[in-house]
């Protein structure tokens, strides 16, 4: 049994995956803040999963962790996980010292990409054309920011320098708004939670849903703001397909909770582009895009699989 | 001995590579126009290389061909090779029928990516920092158009639908000029031979060199036109690194003949961006970019290796 743990900014989720690839137990608990509390949260999660499974921690085939920030998956060290209040934590070694089993650590978006690939490969729950299995896939994470994880033939593309999939900081408009990264017009300034917070200020707990609801109700400004957002999402899909030519782009992250309206809106933009460009029409972007089913613990599932995929990385 | 043939719009180049990876014989001849002439050119090239090597065509370990257009590398079929006057040619099968040996066919930019990777891996002739070997690499082809080929761990990224690396048709300016593909502001409208033909009309045989020379001589309009072009090249480099995080981006294609001034100009832009963005500074784009040495037959060398690299593709 493989154990996967997704340490998020507020919640930590864990799943166990059997040899048949099926999810068995799942737990969820609040994430502590700061390095010591993050380690404690991870240990509590392992303990709770051990109880549920009726086995000791050492009996798990593998333990994998997905966590935000810059992760060195070779050493298990985490840097720049601002929302967790930690910068520089040897998470893998700390947990090994306590548990006596190898713990693999991966960036949460990359882990979620593996998890989404597993989901698509096993159950094909969404309308991938021809019922075929998606073997190459990009996971487009729309959370506070925007980033992607790419999977080829079940292998995660890690890259050599920790920036694979950092497409949120590719500018698409030279006169766009200033991004936190110092550039102007980055994809993240258009298609992310941060972008919605700027363009649709709101006290709602779910500003994006409020925006989409207002647009659906006919509010002209909401329609315009939503359109800019969806255009950015569609641009991210196009960028991923024209660079790595994946079979599917699966949208995940907090904004994926928008569900059907997000998928329909993104497809509408892509279909409009296809009318203007025979080239785009020929590559059929709209049918490649999907939204991950709500509640699917992609990052935890992917974390459980992190030890399984052969690494696709550079040697540097 | 492996034989690699690069069938270009005007010239066809062939190389033989020994078991030690060294280039031995090379030939070059004009390319015929149309399907029958392209097949005849390939056969003449094989015959000439057989003579030079003193072995029969059947004695080559493998024969690989790089050719423009949409290539189905599984079947050896070529579509949309407009400059060669052919649209729909079973090149692999036609040559197999005549030669009795398997002939692999690959898109010329993808083949050139493999060839450039071979070059960098073997001789490291350009200033890759720390003298390390580039194991992941993008080949940025600046020819009439703009496209890229990506190599991870010696494996060519083919993608599932023939558009991997077609980054020339990613828009970077919503109010940019109209592209032949029907979109607006594509990278190709800024950083390609077509872009220079539009922005620097000239009767020179080498308009790009004329442009660079005029800029060097202080012509204000040439400086502005060159800056736009270099900004587009730098944007392509940034896009490739932020998506696939390659160690190196090697510029090839006809415009690579610009050599040092192209490299220096692209690095100047990337370094300017690094001053404005700590994020970009941290990923050190300027040291990752290189220009392929003049005269290196990247596509022919890569074609010779096409049978060697395990395919990195989707199953669809």
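Residue numbers (the UniProt record's numbering), protein chains in the order written: chain A, 1 to 316; chain B, 1 to 316. Beta carbons are placed, not taken as given, at the ideal position from N, Cα and C, and that holds for glycine.
- For residue 59 of chain B, the three-state secondary structure derived from DSSP is helix.
- Rounded to the nearest angstrom, the Cβ distance from residue 264 of chain A to residue 274 of chain A is 15 Å, too far for a contact under 8 Å.
- Interface flag for residue 171 of chain A against chain B is set, since a Cβ pair is found closer than 8 Å.
- A contact between stretches requires three or more CB pairs, one per stretch, nearer than 8 Å, and the region 163-182 of chain B fails this requirement with the region 160-168 of chain A.
- Residue 221 of chain A sits exposed, since fewer than 16 C-beta atoms from the chains shown fall within 10 Å of its C-beta.
- Taking the CA atoms as reference points, residue 284 of chain A sits about 21 Å from residue 149 of chain A.
- Contact annotation for residue 283 of chain A against chain B: 161, 162, 163 and 166 [CB-CB distance below 9 Å, chain order].
- Under a 10 Å Cβ-count criterion, residue 203 of chain A is classified as exposed, with fewer than 16 other Cβ atoms of the shown protein chains found around its own Cβ.
- Considering only beta carbons, the part of the region 252-276 of chain B lying closer than 8 Å to chain A consists of 273 and 276, in chain order.
- Proximity to residue 249 of chain A across A:117, A:139, A:114 and A:5 peaks at A:139, based on C-alpha coordinates.
- Closest in C-alpha terms to residue 155 of chain A, from the list A:118, A:141 and A:187, comes A:118.
- Every beta strand (DSSP E) stretch that sits fully inside the region 210-285 of chain A and reaches 3 residues is listed by chain position as 248-252.
- Close to chain A, meaning a Cβ-Cβ distance shorter than 7 Å, are the following residues of the region 172-194 of chain B: 172, 173, 174, 181, 182 and 183.
- Under the Cβ criterion of 8 Å, residue 244 of chain A is counted among the residues facing chain B.
- Taking 8 Å as the upper bound on Cβ-Cβ separation, chain A lies near residues 235, 238, 239 and 240 of the region 222-240 of chain B.
- Taken in chain order, the unbroken stretches of alpha helix (DSSP H) that lie wholly in the region 13-97 of chain B and span 4 residues or more are 35-53.
- In chain order, 136 place their CB closer than 6 Å to the CB of residue 152 of chain B, counting only its own chain and leaving out the 5 sequence neighbours on each side.
- Residue burial is scored here from C-beta neighbours: residue 175 of chain B has fewer than 16 other C-beta atoms within 10 angstroms and is therefore classed as exposed.
- Residue 207 of chain A carries a helical assignment under DSSP once its states are collapsed to helix, strand and coil.
- For residue 289 of chain A, the beta-bridge partners assigned by DSSP are A:249.
- Taking CB atoms only, residue 278 of chain A has a neighbour in chain B less than 8 Å away.
- Using beta-carbon distances, residue 73 of chain B does not count as an interface residue toward chain A, since no partner is under 8 Å.
- Residue 242 of chain B is a Cβ neighbour of residue 163 of chain A, given a cutoff of 8 Å.
- Look at residue 247 of chain B: its C-beta is under 8 Å from a C-beta on chain A.
- Where residue 2 of chain A is concerned, the enclosing beta strand (DSSP E) starts and stops at 2-7.
- For a Cβ distance threshold of 8 Å, nothing in chain A lies close to residue 43 of chain B: the least Cβ distance comes to about 32 Å.
- If only complete runs of 3 or more residues are kept, the region 107-173 of chain B shows the beta strand (DSSP E) at 136-142 and 146-152, in order along the chain.
- With fewer than 16 other beta carbons inside 10 angstroms of its own, residue 75 of chain B counts as exposed.
- For residue 142 of chain A, no chain B residue has a C-beta closer than 7 Å to its own C-beta; the minimum C-beta separation is roughly 17 Å.
- For residue 301 of chain B, the enclosing alpha helix (DSSP H) begins and ends at 298-305.
- Membership of residue 193 of chain A in the alpha helix (DSSP H) is indicated by the continuous run 193-199.
- The Cβ of residue 157 of chain A sits closer than 8 Å to at least one Cβ of chain B.
- Using a C-beta cut-off of 8 Å, the region 70-90 of chain B makes contact with the region 38-53 of chain B, since at least three inter-stretch Cβ pairs fall below that distance.
- Between residue 7 of chain A and residue 67 of chain A the beta-carbon gap is near 5 Å, inside 8 Å, which marks them as a contact.
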